[in-house]
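Residue numbering for the sequence shown follows this note's numbering, beginning at 824 and increasing consecutively. Glycine included, each C-beta is placed from N, C-alpha and C at the ideal position. For clarity, every value in this text was computed on a predicted model and none was experimentally measured. Quick notes on the structure that follows.
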Amino acid sequence: MNKLTYTNKYLTKLKNQEFINIILLISGEFVSTFGTRIYNFAIAYYILQTTGSALAFSISLALGTIPRILISPFAGAIVDALDRKKIVIFMDLGRWITLLALYFIAVLSNIQIIHIYITILFLSTMDIFFNIASGSSIPNIVHKKNIIKINSIKQTLSSLGSILAPSIGGIVISFISIKYFIIINAFSFLISGISQYFINYNINNTSVFSTSNKTKLSVNSILQNTKESIGYIKTQSLIIILTIYSMVGNFLIYLGFVIPMPYLVLKCFNLGSTQYGIIQSGISIGAVIAAILLSIIPLPEKKFKLVMYSSLVFCAPFILLGIGAIMNMIHISKSILFVYMVVVTFMYGSGTVLINVPTNAIQQENIENSYLGRVLGFQNTFGGIITPVSMILSGKLIGMVAPYILPLISGVMFIILVIVTCSNRTMKAI
824 MNKLTYTNKY LTKLKNQEFI NIILLISGEF VSTFGTRIYN FAIAYYILQT TGSALAFSIS
884 LALGTIPRIL ISPFAGAIVD ALDRKKIVIF MDLGRWITLL ALYFIAVLSN IQIIHIYITI
944 LFLSTMDIFF NIASGSSIPN IVHKKNIIKI NSIKQTLSSL GSILAPSIGG IVISFISIKY
1004 FIIINAFSFL ISGISQYFIN YNINNTSVFS TSNKTKLSVN SILQNTKESI GYIKTQSLII
1064 ILTIYSMVGN FLIYLGFVIP MPYLVLKCFN LGSTQYGIIQ SGISIGAVIA AILLSIIPLP
1124 EKKFKLVMYS SLVFCAPFIL LGIGAIMNMI HISKSILFVY MVVVTFMYGS GTVLINVPTN
1184 AIQQENIENS YLGRVLGFQN TFGGIITPVS MILSGKLIGM VAPYILPLIS GVMFIILVIV
1244 TCSNRTMKAI
């Protein structure tokens, strides 16, 4: 009887700790995500206003992808070799210090474009370590049955930040100096670091968190860990399938939607900036609603059908965007096109979440914890390589072919990708 009472008390304590973990995680990440989004909005506005150069802005975007391509595989090896909780906290503190330095430069003198570029490189590098460590720690912070829910909640708050930050930033940036956006983001990372400190990273205790299993970090150990992860990935058909699916999917997303959509709305449909802003917000609103649904609706134990049906639904916005271009060619009214495009972007935003959340959960549940950081690191690298290629190709082709071609072709290719991926036995087993 005493043993049973002790067990019940232990389980209750564990549930309470998991609840505290969820609250600390989502509150800390929401604050830092919101701070980052409003800072990114302000810094983009500042670059364009002070330099008047689209090239300077493009360089700032490109600099953010360089660490992702070069560092991600090694970052994954480092994350798996060290204490993930410490990495998450140190990255938050590192980003806080970096932005504090930029703030003091703004106070003492004028910010130069080189200061912003250097800051972007530092922040992007630390973002990689933070995201890999945080993402690979989810299976240790909550129980397996709650992985989809915690990912859904994180996605909801991220999407809310995407909606709120530009709106608030657009209102206040005309009368608030850039330095205040910098200091707000700096302290958002400090708050995130404090919340991470109180999270219990050992609810699901695994060997990766055992001190005895930690290797002494060196260049050789990092290279060895990276080599081991490549060998591990080669033996895991599920990882290979999901990585190829993600790479090809991202290529098609940028080729057929992310780049063509603004071009069609602004250049072909000739809709105004206000209408374009509302159309863009449809993505975030769709993402929020989808994430909320995933967090409250009981989901099947087998996630294969959820991924398959979500992926097929996600193909619709591509096809509909191409149809929208055809509607414009037959002179459908702008008001109808505007409403139509809000629906299209809403579907795109909700579809993105319906695919990403269960796919992330599948990886977190099925990849060995000791390899999870390295696998995510490699996927970051592949994504970082394929994305700019797709962006450049889409930008080059969009002015050379009929405006409906890229969205329609990408939509059809995405359907083929889904059918091929989901016909695999390994996928059917998840």
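Inter-residue spacing [alpha-carbon to alpha-carbon] between residue i and residue j
| i | j | result |
| --- | --- | --- |
| His801 | Glu841 | Only positions 824 to 1253 of the chain appear in this structure, which leaves residue 801 out of reach. |
| Gln1103 | Ser1193 | 39 Å |
| Arg891 | His1154 | 43 Å |
| Arg1248 | Ala885 | 38 Å |
| Ser895 | Leu922 | 22 Å |
| Ile1082 | Leu1177 | 21 Å |
| Ile1149 | Pro1230 | 11 Å |
| Val1136 | Ser1173 | 10 Å |
| Thr1244 | Thr1066 | 11 Å |
| Met1164 | Thr1175 | 16 Å |
| Tyr1132 | Ala1139 | 11 Å |
| Thr1034 | Asn1048 | Because Thr1034 sits at a pLDDT of 40, beneath the cut-off of 50, its placement in the model cannot be relied upon, and the following sentence gives the value as read from the coordinates. When rounded, the distance between both Cα atoms is 17 Å. |
| Ser850 | Ala1225 | 46 Å |
| Lys972 | Leu1046 | 35 Å |
| Leu847 | Ile1221 | 45 Å |
| Thr1088 | Ala867 | In the sequence as presented, Thr is not what sits at residue 1088; that position holds Val. Their Cα atoms are separated by approximately 21 Å. |
| Ile1001 | Ala929 | 8 Å |
| Leu1094 | Asn933 | 37 Å |
| Asn839 | Asn1183 | 25 Å |
| Ile1215 | Trp919 | 33 Å |
| Ile1106 | Cys1091 | 20 Å |
| Gly875 | Gly1145 | 33 Å |
| Ile943 | Ile1112 | 31 Å |
Test item: CB-CB of residue i and residue j under 9 Å
| i | j | result |
| --- | --- | --- |
| Ala988 | Phe1161 | no |
| Tyr1055 | Glu852 | no |
| Gly1196 | Ala898 | yes |
| Gly958 | Thr856 | no |
| Gln1059 | Val911 | no |
| Ser1213 | Leu1075 | yes |
| Ala1114 | Ile1228 | no |
| Ser1130 | Met949 | Residue 1130 is actually Val in this sequence, not Ser. No, the pair does not count as a contact, with Cβ atoms beyond the cut-off. |
| Val1241 | Ser1069 | no |
| Asn1189 | Asn954 | no |
| Ser982 | Phe1201 | no |
| Ile1007 | Tyr869 | no |
| Asp906 | Ser1015 | no |
| Ile974 | Ile961 | Note on identity: in this sequence residue 974 is Asn, with Ile being the wrong assignment. Their beta carbons are under 9 Å apart, which means Asn974 touches Ile961 by this criterion. |
| Phe1169 | Ile1108 | yes |
| Gln1186 | Ile1062 | yes |
| Phe1080 | Phe1141 | yes |
| Asn1073 | Ile1209 | yes |
| Gly858 | Ala1009 | yes |
| Ile1017 | Lys908 | no |
| Ser947 | Ile882 | no |
Local Cβ density within 10 Å of residue i, reported as buried at 16 or more and exposed below that
| i | result |
| --- | --- |
| Gly992 | buried |
| Ala904 | buried |
| Ser1233 | buried |
| Val995 | exposed |
| Lys1126 | buried |
| Phe998 | exposed |
| Thr1097 | exposed |
| Ile939 | buried |
| Gln935 | exposed |
| Ala1110 | buried |
| Met1084 | buried |
| Leu931 | exposed |
| Ser1156 | exposed |
| Ile1120 | exposed |
Backbone secondary structure at residue i - three-state DSSP
| i | result |
| --- | --- |
| Lys967 | helix |
| Ser997 | coil |
| Ile1238 | helix |
| Ile1082 | coil |
| Cys1245 | helix |
| Ser1118 | helix |
| Met1131 | helix |
| Asn1008 | helix |
| Tyr1024 | coil |
| Ser932 | coil |
| Pro1259 | Because the chain spans 824 through 1253 in this model, residue 1259 falls outside it and cannot be assessed. |
| Glu1051 | helix |
| Gln1019 | helix |
| Phe945 | helix |
| Leu1061 | helix |
| Ser1156 | coil |
| Glu1191 | coil |
| Gly1206 | helix |
| Leu925 | helix |
| Val1224 | coil |
Contact with chain C by residue i, beta-carbon distance below 9 Å
| i | result |
| --- | --- |
| Ala879 | In summary, chain C is missing from the structure at hand, where a single protein chain is found. |
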